[in-house]
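J.: Numbering (the UniProt record's numbering), first residue to last: 1 to 687. We put the CB at the ideal spot given by N, CA and C, even for glycine. My questions all concern the structure below.
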Amino acid sequence: MGKPRNKFASNHSREELMVMTVTEIIQQLIQAHEAKHDVNLNKIKSKVSSKYGLTSQPRLVDIIAGVPQQYKKILLPKLKAKPVRTASGIAVVAVMCKPHRCPHIAMTGNICVYCPGGPDSDFEYSTQSYTGYEPTSMRAIRARYNPYLQTRHRVEQLKSLGHSVDKVEFIVMGGTFMSLDESYRDYFIRNLHDALSGHTSNNVEEAVKYSEKSCSKCIGITIETRPDYCLKKHLSDMLKYGCTRLEIGVQSVYEDIARDTNRGHTVKAVTESFTMSKDAGFKFVSHMMSDLPNDFHIYMFLLVGVIQGHTVKAVTESFTMSKDAGFKVDSHMMPDLPNDSHIYIFLLVGVIQGHTVKAVTESFTMSKDAGFKVVSHMMPDLPNDFHIYMFLLVGVIQGHTVKAVTESFTMSKDAGFKVVSHMMPDLPNVDLERDIEQFIEFFENPAFRADGLKIYPTLVIRGTGLYELWKTGRYKSYPPSVLVDLVARILALVPPWTRIYRVQRDIPMPLVSSGVEYGNLRELALARMKDLGTQCRDVRTREVGIQEIHNKVKPYEAELIRRDYVANGGWETFLSYEDPEQDILIGLLRLRKCTGEVFRPELKGSCSVVRELHVYGTAVPVHARDPTKFQHQGFGTLLMEEAARIAQEEHGSRKIAVISGVGTRNYYSKLGYELEGPYMTKLLVEE
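Structural data, given as structure tokens:
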């Protein structure tokens, strides 16, 4: 005798059964709330679905959509999918600009050896450094890289999952955005703001004006850039867009690694960009990579002229050796030259910071012994007494030094930006000890000290120069256990004012030939730290919203904590409200007494700049209050008052400025600040 048919299923269609199921689930949730009982949503879904004879449970988005308006405020926090998405108090919307070639191809002839994606890659419809299979990439491709559609689709998706989208922070990804044509950049940023406000603007200024009054407010824009696209003009344009945070690709603090991976800039360029960004009021996040190569002595593009068949063997051998190393070779034929001109090898190398004159003369000898004719170029009045630039078959010119990197940090911070660095462990020929040393240098050297960090362990992906090295056995990734230990040791070094945004790339594992083998590297590293008896005290780990979700703990008290440090030529003060007993962070403020090299007229003279104000916890709508949440409870006002006191009494500043997202300007105006250029400012001393 067969199983009796469900009494509901026999009289109703599947669609009707689904509606009945959703309705009863919501009713049970309401009853549990009124009775102040904790419930297990999955158990309720399973039980009710079985009652109505459904073989599959209703989707979370369908349950959320069915909640009556009067109960949304109560039930949505319990139904929210992936609550960590808005645990920091904001909804992050990642968008991608159109695919374009990396700007330093024109300078060095190629991209970084580890970089996938871009118009010339195996993933040709993807943006630079992405494969097209990451979640953000796929959303961008579906929208054909239209910024308006990317924003609208993502905002609606977050809303359907139960998240508040009153406060939106954009992250502009997809390569070096600031290298694109200004008209395209303006179009892109304009559409981001318009997608929130619903207005169709004619220019960026108009878009920003309407965005200020939008229900969904743009509280900040983060732009990924390089030190050579973090100069004064770029910083000023980003301020115009409403950008408040920069992500600067550092990858390694070692000059030889930056050179040999064809990074296209030096560590000096990174530190300079840090300082300049902070002096403009930005906060920034660094990207770091490990295990990069440093044994590349043949440049990716060899400009070789083969004349009249002379020393063809030497040329073909150099071609073979270069291709075996994964390099692309470009040969130039030079007719009608004198008979004693055999081969001219033009190689932009030069003697810079680590290339000695001895190395130059040795390469002269070796080249001549191979039958080459060498042409050397002498260039007077070069910095640091480097007077020999030669065209030769060795070396890699980056175009910048480490100093240029640190100067970009300084300039960015002096403009008020928050700066996030990208660092890559496990780069070729960087052993474990040197990897750890570079992160110690990164956190302790005042020339770096970014506000945030993205750790991107090196991945081997087909179509890259690194893939060719790996395939021929000249590069080997760290074993999985070693990588977990390394990340655990790095996290233990992080100071409490730095936020770790990521510990691995969001590239699907099937596309990775070698490198990270786990999708939960952060979780594994934190577990390893527990075994070692160490702690990660970065901003993200200690955030109140993250603590509530992961550890089910809430702060019992809130105490004002102050930490001072020197970074990028300026005096930094990190103010925070914390529960020191449980090490829970409620809100923070970054205050900077700028260097004397500030370039923004609004910050010249005696001025301090607030580079970040952030109160954490589950996002609360702009004009709402929730006594169970920490946003809109006055912590931000208290932090601003203390910052103004320090600026006036200790910095001796006559004015205080805030780098403000477009959507938060009204908040600062209520505190007595006025719009001055892209900043909200207030006089501390009446003139």
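In angstroms, rounded to a whole number, what distance separates the CA positions of residue 557 and residue 545?
T.: 15 Å
J.: Return the bridge partner residues of residue 571 from the DSSP annotation.
T.: 566 and 593
J.: Helix, strand or coil: how does DSSP classify residue 579 here?
T.: strand
J.: With 16 other CB atoms within 10 Å as the buried threshold, where does residue 568 fall?
T.: buried
J.: For residue 486 and residue 45, what's the separation of their Cα atoms in angstroms?
T.: Approximately 42 Å, taken between the alpha carbons.
J.: Which value, in whole angstroms, describes the spacing of the CA atoms of residue 334 and residue 420?
T.: Confidence in residue 334 is poor, its pLDDT being 41 and thus under 50, which makes the residue's placement unreliable; the coordinate value appears in the next sentence. Near 47 Å, if we compare the C-alpha coordinates of residue 420 and residue 334.
J.: According to the neighbour-count rule (16 or more other Cβ atoms, all chains shown, within 10 Å of its Cβ), is residue 477 buried or exposed?
T.: buried
J.: Could you tell me the distance, in whole angstroms, from the CA atom of residue 563 to the CA atom of residue 639?
T.: 13 Å
J.: Report buried or exposed for residue 204, applying the criterion of at least 16 other Cβ atoms within 10 angstroms of its Cβ.
T.: buried
J.: Looking at the structure shown, is residue 340 part of a helix, part of a strand, or coil, going by DSSP?
T.: Confidence at residue 340 is low in this model, with a pLDDT of 36, below 50, so its placement is unreliable and the value that follows should be read with caution. Here DSSP, grouped into helix, strand and coil, assigns residue 340 to coil.
J.: Tell me the DSSP bridge mates of residue 447?
T.: Partner(s): none; residue 447 has no beta bridge.
J.: Could you compute how far the alpha carbon of residue 143 sits from the alpha carbon of residue 134?
T.: 14 Å
J.: Per the DSSP calculation, residue 588 is bridged to which residue(s)?
T.: 576 and 614
J.: Here's a check: name, in chain order, each residue in its chain whose Cβ is nearer than 6 Å to the Cβ of residue 677, leaving out the five neighbours to either side.
T.: Non-local beta-carbon contacts of residue 677 in its own chain, meaning distances under 6 Å to residues more than five positions away in sequence, involve 602 in chain order.
J.: So, is residue 75 buried or exposed, given that buried needs 16 or more other C-beta atoms within 10 angstroms?
T.: Note on residue 75: 16 or more other CB atoms within 10 angstroms of its CB, so buried under the neighbour-count rule.
J.: Any C-beta of chain E sitting closer than 8 Å to the C-beta of residue 449?
T.: No chain E appears in this structure, which consists of one protein chain only.
J.: Find the nearest neighbour of residue 221 within the set 171, 212, 187 and 422, judged by alpha-carbon distance.
T.: 171
J.: May I ask you to list the residues that DSSP assigns as paired with residue 679?
T.: Per DSSP, 659 and 676.
J.: Where does residue 673 land, buried or exposed, given buried means 16+ other C-beta within 10 angstroms?
T.: In this structure residue 673 is buried. Its beta-carbon is surrounded by 16 or more other beta-carbon atoms within 10 angstroms.
J.: Answer yes if the segment 490-502 comes into contact with the segment 145-152, meaning at least three C-beta pairs across the two stretches below 8 Å, and no otherwise.
T.: no
J.: With DSSP collapsed to three states, give me the class of residue 294.
T.: Confidence in residue 294 is poor, its pLDDT being 46 and thus under 50, which makes the residue's placement unreliable; the coordinate value appears in the next sentence. In the structure shown, residue 294 sits in coil (DSSP, three-state: anything other than H, G, I, E or B).
J.: Exposed or buried, what is residue 555 when buried is set at 16 or more other beta-carbons lying within 10 Å of its beta-carbon?
T.: buried
J.: Can you tell me where the beta strand (DSSP E) holding residue 144 begins and where it ends?
T.: It is not in any beta strand (DSSP E) - residue 144 carries neither H nor E in the DSSP assignment.
J.: Rounded to whole angstroms, what's the CA-CA distance from residue 644 to residue 281? Just pull it up for me.
T.: 15 Å
J.: Would you report the Cα separation of residue 583 and residue 50, rounded to the nearest angstrom?
T.: 44 Å
J.: Under a three-way DSSP split, which group does residue 442 fall into?
T.: helix
J.: To the nearest angstrom, report how far apart residue 670 and residue 655 are at their CA atoms.
T.: 17 Å
J.: Taking DSSP as the reference, what is the three-state secondary structure of residue 487?
T.: helix
J.: What do you get for residue 407, buried or exposed, if any count of 16 or more other CB atoms within 10 angstroms of its CB means buried?
T.: buried
J.: Between the alpha carbons of residue 429 and residue 111, how many angstroms are there, rounded?
T.: 19 Å
J.: Can the beta-carbon of residue 175 be found less than 8 Å from the beta-carbon of residue 128?
T.: yes
J.: Grab me the residues of residue 668's own chain with a C-beta within less than 7 Å of its C-beta, minus the 5 sequence neighbours each way, in chain order.
T.: Answer for residue 668: 658, 660 and 680, listed in chain order.
J.: In three-state terms, what does DSSP make of residue 436?
T.: helix
J.: With a Cβ-Cβ cutoff of 8 Å, do residue 169 and residue 90 count as a contact?
T.: In this structure, residue 90 lies closer than 8 Å to residue 169 by Cβ.
J.: Using DSSP bridges, identify the partner residues of residue 608.
T.: 593 and 656
J.: Let me know the alpha helix (DSSP H) ranges lying completely inside the segment 195-221, each 4 residues or longer, listed in chain order.
T.: Secondary structure in the segment 195-221: the alpha helix (DSSP H) runs of 4 residues or longer, each lying completely within the stretch, are 204-212 in chain order.
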